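Report on one structure; see the data block that follows.
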Amino acid sequence: MSKYYALLLAFQDIRTMYAQKSLSFSEVEATVNPTCTGTSVCALAYDGGVAVMSDRLVSYGKTAQYRHITRQYRVNNRVIIAFGGDHADFQWLQNVIERQTCELKSHDPNADLSPKMLHGFLTSLLYYRRTRMNPLWNTLVVAGLQTQNDHLEPFIGVITSRGVAYRTRSVATGMGAMLLNQVIETEQRKNDGKLSKEQAIDILRKSLELSIYHDCVADNEFEISTVDKDGVQLGVPEFIAGNWDIAEYNCDYQ
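Throughout, our numbering is defined as the position within the sequence shown, counted from one, plus 1054.
Right under this line is the structure:
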(Lines of atoms letter the chains of each structure in order from A and count residues from 1; the text may use other names and numbers.)
(Lines give C-alpha, C1' and ligand atoms only; values in the text may rest on other atoms or scores of the structure.)
Protein backbone atom coordinates (compact mmCIF):
# COMPACT_ATOMS: atom_id res chain seq x y z
CA MET A 1 0.00 0.00 0.00
CA SER A 2 1.47 3.37 -0.99
CA LYS A 3 2.20 5.97 1.64
CA TYR A 4 -0.12 8.51 0.03
CA TYR A 5 -3.00 6.06 -0.10
CA ALA A 6 -2.42 5.28 3.56
CA LEU A 7 -2.59 8.98 4.39
CA LEU A 8 -5.79 9.28 2.41
CA LEU A 9 -7.34 6.47 4.42
CA ALA A 10 -6.13 7.91 7.71
CA PHE A 11 -7.65 11.32 7.01
CA GLN A 12 -11.08 10.05 6.16
CA ASP A 13 -14.01 12.38 5.74
CA ILE A 14 -14.73 14.16 9.01
CA ARG A 15 -18.45 14.08 8.30
CA THR A 16 -18.33 10.29 8.41
CA MET A 17 -16.59 10.34 11.78
CA TYR A 18 -19.20 12.67 13.23
CA ALA A 19 -22.06 10.69 11.76
CA GLN A 20 -21.43 8.06 14.40
CA LYS A 21 -24.18 7.95 16.97
CA SER A 22 -21.74 8.27 19.85
CA LEU A 23 -20.63 11.70 18.62
CA SER A 24 -24.08 13.12 17.94
CA PHE A 25 -25.32 16.00 20.05
CA SER A 26 -28.42 18.08 20.61
CA GLU A 27 -28.79 21.80 21.10
CA VAL A 28 -28.74 21.53 24.89
CA GLU A 29 -25.35 19.77 24.82
CA ALA A 30 -23.52 22.53 22.95
CA THR A 31 -21.12 24.66 25.01
CA VAL A 32 -22.15 28.30 24.93
CA ASN A 33 -19.65 29.78 27.38
CA PRO A 34 -16.33 28.04 28.06
CA THR A 35 -15.72 27.46 31.77
CA CYS A 36 -12.03 26.82 32.38
CA THR A 37 -9.85 28.62 29.87
CA GLY A 38 -6.26 29.49 29.04
CA THR A 39 -5.13 32.85 27.72
CA SER A 40 -2.54 33.87 25.12
CA VAL A 41 -0.15 31.68 23.14
CA CYS A 42 2.85 33.16 21.33
CA ALA A 43 4.89 31.49 18.60
CA LEU A 44 7.86 32.77 16.63
CA ALA A 45 9.86 31.23 13.80
CA TYR A 46 13.64 31.52 13.91
CA ASP A 47 16.46 30.28 11.71
CA GLY A 48 15.98 26.52 11.67
CA GLY A 49 13.08 26.17 14.06
CA VAL A 50 10.05 27.48 15.93
CA ALA A 51 9.62 28.64 19.54
CA VAL A 52 6.24 28.44 21.30
CA MET A 53 5.38 30.11 24.61
CA SER A 54 2.36 29.79 26.89
CA ASP A 55 1.75 30.31 30.58
CA ARG A 56 0.76 27.46 32.89
CA LEU A 57 -2.59 28.63 34.21
CA VAL A 58 -6.17 27.59 33.53
CA SER A 59 -8.69 30.14 34.82
CA TYR A 60 -12.29 29.73 35.96
CA GLY A 61 -13.65 32.96 34.57
CA LYS A 62 -11.15 35.49 35.93
CA THR A 63 -10.14 33.29 38.87
CA ALA A 64 -6.82 31.43 38.79
CA GLN A 65 -8.30 27.95 39.21
CA TYR A 66 -5.64 25.45 38.09
CA ARG A 67 -1.95 26.31 38.22
CA HIS A 68 1.01 24.34 36.84
CA ILE A 69 -1.07 23.13 33.86
CA THR A 70 0.70 22.86 30.52
CA ARG A 71 -1.12 24.21 27.48
CA GLN A 72 1.21 22.56 24.99
CA TYR A 73 1.09 19.07 23.53
CA ARG A 74 3.85 17.21 21.74
CA VAL A 75 2.33 15.37 18.78
CA ASN A 76 5.58 13.82 17.54
CA ASN A 77 9.23 14.75 17.17
CA ARG A 78 8.45 17.39 14.53
CA VAL A 79 5.15 18.88 15.69
CA ILE A 80 3.87 20.65 18.78
CA ILE A 81 0.46 22.21 19.35
CA ALA A 82 -0.55 24.87 21.89
CA PHE A 83 -3.99 26.21 22.72
CA GLY A 84 -5.87 29.12 24.14
CA GLY A 85 -9.50 28.85 25.16
CA ASP A 86 -11.44 25.98 26.70
CA HIS A 87 -9.24 23.41 28.43
CA ALA A 88 -11.80 20.59 28.22
CA ASP A 89 -12.18 21.02 24.46
CA PHE A 90 -8.43 20.76 24.02
CA GLN A 91 -8.29 17.58 26.12
CA TRP A 92 -10.88 16.12 23.74
CA LEU A 93 -8.81 17.28 20.77
CA GLN A 94 -5.75 15.53 22.18
CA ASN A 95 -7.64 12.24 22.05
CA VAL A 96 -8.74 12.91 18.47
CA ILE A 97 -5.14 13.63 17.43
CA GLU A 98 -3.91 10.46 19.14
CA ARG A 99 -6.55 8.40 17.33
CA GLN A 100 -5.55 9.90 13.98
CA THR A 101 -1.89 9.16 14.72
CA CYS A 102 -2.67 5.53 15.59
CA GLU A 103 -4.79 5.11 12.48
CA LEU A 104 -2.07 6.61 10.30
CA LYS A 105 0.56 4.28 11.74
CA SER A 106 -1.71 1.27 11.27
CA HIS A 107 -1.38 1.82 7.51
CA ASP A 108 2.26 2.93 7.51
CA PRO A 109 4.29 2.39 10.72
CA ASN A 110 6.92 4.88 9.55
CA ALA A 111 4.46 7.69 8.82
CA ASP A 112 4.14 10.73 11.07
CA LEU A 113 1.78 13.67 11.07
CA SER A 114 3.50 16.69 9.58
CA PRO A 115 2.54 20.17 10.85
CA LYS A 116 0.86 20.93 7.52
CA MET A 117 -1.20 17.73 7.67
CA LEU A 118 -2.28 18.39 11.26
CA HIS A 119 -3.08 22.02 10.49
CA GLY A 120 -5.29 21.00 7.57
CA PHE A 121 -7.06 18.29 9.56
CA LEU A 122 -7.81 20.56 12.53
CA THR A 123 -8.98 23.33 10.20
CA SER A 124 -11.57 21.01 8.69
CA LEU A 125 -12.58 19.71 12.10
CA LEU A 126 -13.05 23.11 13.74
CA TYR A 127 -14.88 24.48 10.69
CA TYR A 128 -17.19 21.48 10.69
CA ARG A 129 -17.97 21.91 14.38
CA ARG A 130 -18.67 25.57 13.77
CA THR A 131 -21.14 24.77 10.98
CA ARG A 132 -22.94 22.41 13.36
CA MET A 133 -23.34 25.32 15.81
CA ASN A 134 -21.28 23.44 18.38
CA PRO A 135 -17.80 24.93 18.03
CA LEU A 136 -14.69 23.88 19.86
CA TRP A 137 -13.81 26.95 21.90
CA ASN A 138 -10.11 26.93 21.14
CA THR A 139 -7.58 28.94 19.21
CA LEU A 140 -4.87 26.48 18.18
CA VAL A 141 -1.27 27.11 17.21
CA VAL A 142 0.39 24.26 15.29
CA ALA A 143 4.16 24.61 15.15
CA GLY A 144 6.88 22.41 13.74
CA LEU A 145 9.17 21.68 10.83
CA GLN A 146 7.68 21.01 7.41
CA THR A 147 9.58 19.24 4.66
CA GLN A 148 9.91 21.61 1.71
CA ASN A 149 12.11 20.84 -1.31
CA ASP A 150 14.11 18.22 0.58
CA HIS A 151 14.82 20.43 3.58
CA LEU A 152 12.99 21.38 6.75
CA GLU A 153 11.35 24.79 7.10
CA PRO A 154 9.69 26.36 10.16
CA PHE A 155 5.90 26.12 10.14
CA ILE A 156 3.40 28.04 12.25
CA GLY A 157 -0.30 27.55 11.56
CA VAL A 158 -3.20 29.12 13.45
CA ILE A 159 -6.81 27.92 13.63
CA THR A 160 -9.60 29.86 15.35
CA SER A 161 -12.72 28.43 16.94
CA ARG A 162 -14.63 29.39 13.77
CA GLY A 163 -12.34 27.32 11.58
CA VAL A 164 -10.48 30.31 10.13
CA ALA A 165 -6.91 29.20 9.41
CA TYR A 166 -3.72 30.84 8.22
CA ARG A 167 0.06 30.42 8.25
CA THR A 168 2.46 33.00 9.60
CA ARG A 169 5.99 33.63 10.84
CA SER A 170 4.87 34.91 14.23
CA VAL A 171 1.64 35.05 16.17
CA ALA A 172 0.10 35.94 19.51
CA THR A 173 -3.42 34.74 20.25
CA GLY A 174 -6.08 35.73 22.77
CA MET A 175 -5.41 39.00 24.57
CA GLY A 176 -1.92 38.82 23.10
CA ALA A 177 -3.39 39.42 19.65
CA MET A 178 -4.08 43.00 20.77
CA LEU A 179 -1.08 43.44 23.06
CA LEU A 180 1.84 41.50 21.66
CA ASN A 181 1.63 40.99 17.89
CA GLN A 182 3.11 44.39 17.09
CA VAL A 183 5.88 43.95 19.67
CA ILE A 184 6.92 40.62 18.19
CA GLU A 185 6.79 41.89 14.60
CA THR A 186 8.84 44.98 15.48
CA GLU A 187 11.56 42.86 17.07
CA GLN A 188 11.52 40.60 14.00
CA ARG A 189 12.01 43.53 11.63
CA LYS A 190 15.00 44.78 13.59
CA ASN A 191 16.77 41.60 12.56
CA ASP A 192 15.30 41.44 9.03
CA GLY A 193 13.29 38.41 10.09
CA LYS A 194 16.43 36.35 10.70
CA LEU A 195 16.50 35.38 14.34
CA SER A 196 18.64 32.96 16.27
CA LYS A 197 17.07 30.58 18.75
CA GLU A 198 18.28 32.69 21.68
CA GLN A 199 16.89 35.89 20.16
CA ALA A 200 13.49 34.28 19.57
CA ILE A 201 13.30 33.04 23.16
CA ASP A 202 14.27 36.49 24.49
CA ILE A 203 11.50 38.11 22.43
CA LEU A 204 8.94 35.65 23.78
CA ARG A 205 10.07 36.30 27.35
CA LYS A 206 9.66 40.04 26.81
CA SER A 207 6.19 39.38 25.38
CA LEU A 208 5.17 37.40 28.46
CA GLU A 209 6.32 40.23 30.73
CA LEU A 210 4.05 42.64 28.85
CA SER A 211 1.24 40.11 29.06
CA ILE A 212 1.33 39.78 32.85
CA TYR A 213 1.23 43.59 33.18
CA HIS A 214 -1.91 43.95 31.07
CA ASP A 215 -3.79 40.62 31.06
CA CYS A 216 -5.52 39.81 34.36
CA VAL A 217 -5.66 36.06 33.59
CA ALA A 218 -2.02 35.73 32.52
CA ASP A 219 0.35 34.01 34.93
CA ASN A 220 4.04 34.55 35.63
CA GLU A 221 4.78 30.82 35.37
CA PHE A 222 5.39 29.88 31.75
CA GLU A 223 7.16 27.48 29.42
CA ILE A 224 8.90 27.96 26.09
CA SER A 225 9.18 24.92 23.83
CA THR A 226 11.17 24.69 20.61
CA VAL A 227 11.10 22.55 17.49
CA ASP A 228 14.26 22.28 15.40
CA LYS A 229 16.42 19.70 13.65
CA ASP A 230 17.02 18.03 17.03
CA GLY A 231 13.29 17.48 17.52
CA VAL A 232 10.83 18.86 20.06
CA GLN A 233 12.26 20.23 23.29
CA LEU A 234 9.41 20.83 25.72
CA GLY A 235 10.13 23.81 27.92
CA VAL A 236 10.67 23.53 31.65
CA PRO A 237 8.52 25.75 33.90
CA GLU A 238 10.01 29.20 34.42
CA PHE A 239 8.97 32.23 36.44
CA ILE A 240 9.21 35.93 35.76
CA ALA A 241 8.70 38.60 38.42
CA GLY A 242 8.44 41.70 36.26
CA ASN A 243 9.09 45.27 37.36
CA TRP A 244 6.36 46.70 39.57
CA ASP A 245 8.05 49.99 40.56
CA ILE A 246 5.17 51.85 38.93
CA ALA A 247 2.93 50.62 41.76
CA GLU A 248 4.43 53.37 43.96
CA TYR A 249 2.68 55.93 41.77
CA ASN A 250 -0.74 54.31 42.03
CA CYS A 251 -2.90 56.86 43.83
CA ASP A 252 -6.04 54.70 43.85
CA TYR A 253 -7.45 56.24 40.70
CA GLN A 254 -10.66 54.44 39.81
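Heads up, the beta-carbon is just placed ideally off N, CA and C, and yes, glycines get one too. Quick caveat, the model's predicted, so the values are computed rather than measured.
With a Cβ-Cβ cutoff of 7 angstroms, do residue i and residue j count as a contact?
i       : j       : result
Gly1138 : Gly1228 : yes
Gln1200 : Pro1163 : no
Ala1226 : Val1281 : no
Tyr1127 : Gln1145 : no
Met1107 : Ile1278 : yes
Arg1184 : Gly1217 : yes
Asp1140 : Thr1091 : yes
Ser1113 : Ser1265 : no
Tyr1100 : Leu1249 : yes
Val1290 : Lys1116 : no
Can you tell me the Cβ-Cβ gap for residue i and residue j, rounded? I've got them flagged as a contact below 8 angstroms.
i       : j       : result
Leu1180 : Ile1213 : 5 angstroms
Ser1160 : Pro1189 : Contact doesn't hold; Cβ gap of about 30 angstroms is too wide.
Ile1294 : Cys1096 : Not confirmed; about 13 angstroms, so no contact.
Gly1103 : Lys1244 : At roughly 19 angstroms, the Cβ-Cβ gap does not stay under 8 angstroms, so Gly1103 and Lys1244 are not in contact.
Tell me which same chain residues have a C-beta within less than 6 angstroms of the C-beta of residue i, skipping the five on either side of it?
i       : result
Asp1273 : Asp1109, Leu1111
Arg1221 : Gly1211
Leu1206 : Leu1199
Arg1132 : Gly1198, Leu1199
Arg1125 : Gly1092, Ser1108, Ala1136, Phe1137
Hey, how far is the Cα of residue i from the Cα of residue j?
i       : j       : result
Ala1254 : Ser1224 : 10 angstroms
Arg1069 : Ile1151 : Note on Arg1069: pLDDT 48, under 50, position unreliable in the model; no value is reported.
Phe1209 : Asn1192 : 19 angstroms
Asn1203 : His1268 : 42 angstroms
Gln1287 : Ser1261 : 20 angstroms
Val1129 : Gly1296 : 32 angstroms
Leu1077 : Phe1175 : Reliability fails at Leu1077, whose pLDDT of 49 lies under 50, so the model's placement of it is uncertain and no value is given.
Gly1247 : Val1195 : 20 angstroms
Ala1084 : Glu1275 : 32 angstroms
Gln1242 : Tyr1303 : 33 angstroms
Leu1172 : Lys1283 : 19 angstroms
Arg1186 : Glu1157 : 25 angstroms
Glu1292 : His1122 : 11 angstroms
Leu1098 : Val1086 : 31 angstroms
Ala1165 : Ala1301 : 54 angstroms
Gln1236 : Ala1219 : 20 angstroms
Thr1240 : Trp1298 : 24 angstroms
Pro1088 : Ala1105 : 27 angstroms
Leu1167 : Thr1155 : 7 angstroms
Glu1263 : Arg1153 : 37 angstroms
Is any non-hydrogen atom of the ligand GTP found closer than 6 angstroms to the C-beta of residue i, if you look at the structure I gave you?
i       : result
Asp1284 : The ligand content of the structure shown is nil, which means the ligand GTP is not present either.
Within its chain, find whatever has a CB closer than 8 angstroms to the CB of residue i; leave out the 5 residues flanking it on each side and keep chain order.
i       : result
Met1232 : none
Gly1230 : Thr1093, Ser1094, Val1095, Cys1096, Ser1261, Ser1265, Asp1269
Identify, in the order they occur along the chain, each residue of the same chain with its Cβ nearer than 7 angstroms to the Cβ of residue i, setting aside the five sequence neighbours on each side.
i       : result
Gln1119 : Cys1090, Val1112, Ser1113
Problem - Those runs of the alpha helix (DSSP H) which lie wholly inside the segment 1131-1166 and span at least 4 residues - result: 1141-1161
Handout entry: Entirely enclosed beta strand (DSSP E) segments - the segment 1182-1248, minimum 3 residues
Key = Complete beta strand (DSSP E) runs here, min 3: 1192-1202, 1205-1213, 1219-1221, 1224-1226.
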